[in-house]
Amino acid sequence: MKAMSAQRPDLALLDIILPDKSGFELMAEIKSDPQISKIQVMIISNLGQESDVAKGKELGAVDYVIKAKISIDDLVTKVKSFLN
Numbered sequence: 017m018k019a020m021s022a023q024r025p026d027l028a029l030l031d032i033i034l035p036d037k038s039g040f041e042l043m044a045e046i047k048s049d050p051q052i053s054k055i056q057v058m059i060i061s062n063l064g065q066e067s068d069v070a071k072g073k074e075l076g077a078v079d080y081v082i083k084a085k086i087s088i089d090d091l092v093t094k095v096k097s098f099l100n
């Protein structure tokens, strides 16, 4: 959160499985903070249940990518599409 506030990236890549809190919790914090709420967030996770994808998009993710179903090259292409 501190890095996002300081650097204001155009796009943040977020996993759901994190050590201290879930990515869903972090996503809710990002979207509730007016200083960083406009930053686009792409979720990249191995959690691929429909309910997980729906929750990520409901929280404001611009995309939800399942790691096991995408190549690195396709991921890079997808990221670039959000930055152009």
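Residues in the sequence shown are numbered from 17 upward in steps of one, following the numbering used here. Glycine included, C-beta positions come from ideal geometry on N, C-alpha and C.
Task: Pair within 8 Å by beta-carbon distance, N100 and K83 - done: The count along the sequence shown starts at 1 and reaches residue 100 at position 84. The count along the sequence shown starts at 1 and reaches residue 83 at position 67. One thing to note: N100 has its Cβ no nearer than 8 Å to the Cβ of K83.
Task: Complete beta strand (DSSP E) runs within the stretch 18-71 (minimum length 3 residues, chain order) - done: Listed in chain order, the beta strand (DSSP E) runs fully inside the stretch 18-71 are 27-30 and 56-61, counting runs of at least 3 residues.
Task: Same chain, Cβ closer than 8 Å to M17, neighbours up to 5 away in sequence not counted - done: Along the sequence shown, one-based indexing puts residue 17 at 1. These residues qualify, in order along the chain: L42, E45, I46, D49 and I52.
Open item on the list: My output table needs one value for I86: the three-state DSSP class, helix, strand or coil.
Closed with: Taking the first residue of the sequence shown as 1, we reach residue 86 at position 70. Secondary structure at I86: coil, using DSSP grouped into helix, strand and coil.
Task: Distance between L29 and M58 (C-alpha atoms, nearest Å) - done: Residue 58 sits at position 42 when you count from the first residue of the sequence shown. Residue 29 sits at position 13 when you count from the first residue of the sequence shown. The straight-line gap separating the alpha-carbon atoms of M58 and L29 is approximately 5 Å.
Open item on the list: With H, G and I counted as helix, E and B as strand and the rest as coil, what does DSSP make of V95?
Closed with: Translated into positions along the sequence shown, residue 95 becomes position 79. Helix, per DSSP.
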